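Protein chains in written order, with UniProt numbering: chain A, 1 to 126; chain E, 1 to 126.
Yeah, the Cβ is synthetic: ideal placement off N, Cα and C, and Gly gets one too.
Since the structure is predicted, the reported quantities are computational estimates derived from the model, not experimental observations.
2 protein chains.
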Amino acid sequence: MTAATRILLLAHGSSDRRWCETFEALAAPTLRSLPEARVAYMELATPSLEDEVGKAAAEGITHVQVVPLFLAAGRHLRKDVPAMLDDYRQRHGINITLLPPIGEDPRLGDALKEIVQSSLEQSHDG
Amino acid sequence: MTAATRILLLAHGSSDRRWCETFEALAAPTLRSLPEARVAYMELATPSLEDEVGKAAAEGITHVQVVPLFLAAGRHLRKDVPAMLDDYRQRHGINITLLPPIGEDPRLGDALKEIVQSSLEQSHDG
Numbered sequence: 001m002t003a004a005t006r007i008l009l010l011a012h013g014s015s016d017r018r019w020c021e022t023f024e025a026l027a028a029p030t031l032r033s034l035p036e037a038r039v040a041y042m043e044l045a046t047p048s049l050e051d052e053v054g055k056a057a058a059e060g061i062t063h064v065q066v067v068p069l070f071l072a073a074g075r076h077l078r079k080d081v082p083a084m085l086d087d088y089r090q091r092h093g094i095n096i097t098l099l100p101p102i103g104e105d106p107r108l109g110d111a112l113k114e115i116v117q118s119s120l121e122q123s124h125d126g
Numbered sequence: 001m002t003a004a005t006r007i008l009l010l011a012h013g014s015s016d017r018r019w020c021e022t023f024e025a026l027a028a029p030t031l032r033s034l035p036e037a038r039v040a041y042m043e044l045a046t047p048s049l050e051d052e053v054g055k056a057a058a059e060g061i062t063h064v065q066v067v068p069l070f071l072a073a074g075r076h077l078r079k080d081v082p083a084m085l086d087d088y089r090q091r092h093g094i095n096i097t098l099l100p101p102i103g104e105d106p107r108l109g110d111a112l113k114e115i116v117q118s119s120l121e122q123s124h125d126g
């Protein structure tokens with residue numbers, strides 16, 4: 001059965017391989033649990049968002065959900081990415097939804113609180 | 001009693017007020033539970049990292065932990081911020097620790113998996 005939806009975890013991208021590796025590690029639990037998920041980069045790294053949308057279309061996927069691995073929406077998410085997605089929708093006849101950046105989700109704020117609390121406990125132990 | 005440690009949640013900063021508001025919302029659960037935590041910006045917004053380190057020193061705080069609200073370490077976290085912190089250490093005689101960017105913590109990857117799973121469930125319901 002072909003999954004009807006493809007999830008693209010969109011990172012900005014960088015020519016620094018270590019930067020991309022951090023995003024791959026961040027995405028790993030999602031990729032392990034959701035076979036329909038992939039990482040894609042906006043620029044400077046591969047696979048590109050364009051490549052991954054094209055692949056989804058070629059596989060007969062009808063819906064793509066783009067999840068921005070960004071903490072907040074700046075110019076890229078307000079202007080550049082929507083323009084790119086308009087182009088891909090027209091070229092591939094595919095339904096694409098751009099979700100809010102992950103930093104807007106309250107679960108990220110809760111995770112941050114836990115990270116800071118445990119770093120503080122470690123420093124008090126040390 | 002003066003807290004011995006100050007936590008600075010370091011965001012990049014932007015001239016776009018909406019961008020900063022996302023970081024303030026992300027930081028809110030941490031600020032509510034840890035009175036020693038503050039938000040500080042590297043550039044383009046206030047309060048600046050420099051201001052917040054200066055305030056901590058003036059309050060007699062001896063240790064500052066800087067928690068980067070960045071998903072991965074690029075040039076800013078590898079070069080610019082360490083150089084800024086070296087300067088502040090010398091000027092204020094204060095102990096400053098730069099922690100890894102929050103995106104390197106496995107709890108963020110787990111939160112991402114939950115966010116994507118629920119967005120997928122919502123799209124299947126819709």
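Query	Result
One or two residues paired with T62/E in a DSSP bridge	Answer is none; T62/E lacks a bridge partner.
Strand pairing of T97/E, partner residues [DSSP]	Q65/E
Minimum C-alpha distance to E43/A - residue among V64/A, Y88/A, P100/A, L10/A	L10/A
Below-9 Å beta-carbon distance, R17/A vs any chain E residue	no
Cβ-Cβ separation, P101/E to F70/E (assumed contact under 8 Å), whole Å	4 Å
Own chain, CB closer than 7 Å to L34/A, minus 5 neighbours either side, in chain order	I7
Cβ neighbour criterion (16 or more within 10 Å) applied to D80/E	exposed
C-beta contact flag for T62/E and T5/E at 9 Å	yes
Any chain E beta carbon closer than 9 Å to T2/A	Caution applies to T2/A, whose pLDDT of 48 falls short of 50 and renders its modelled position unreliable; the value that the coordinates give is listed next. It does not: the Cβ of T2/A has no partner Cβ on chain E nearer than 9 Å.
For S48/E: DSSP bridge partner residues	Y41/E
Span separating the alpha-carbon of L26/A from that of C20/A	10 Å
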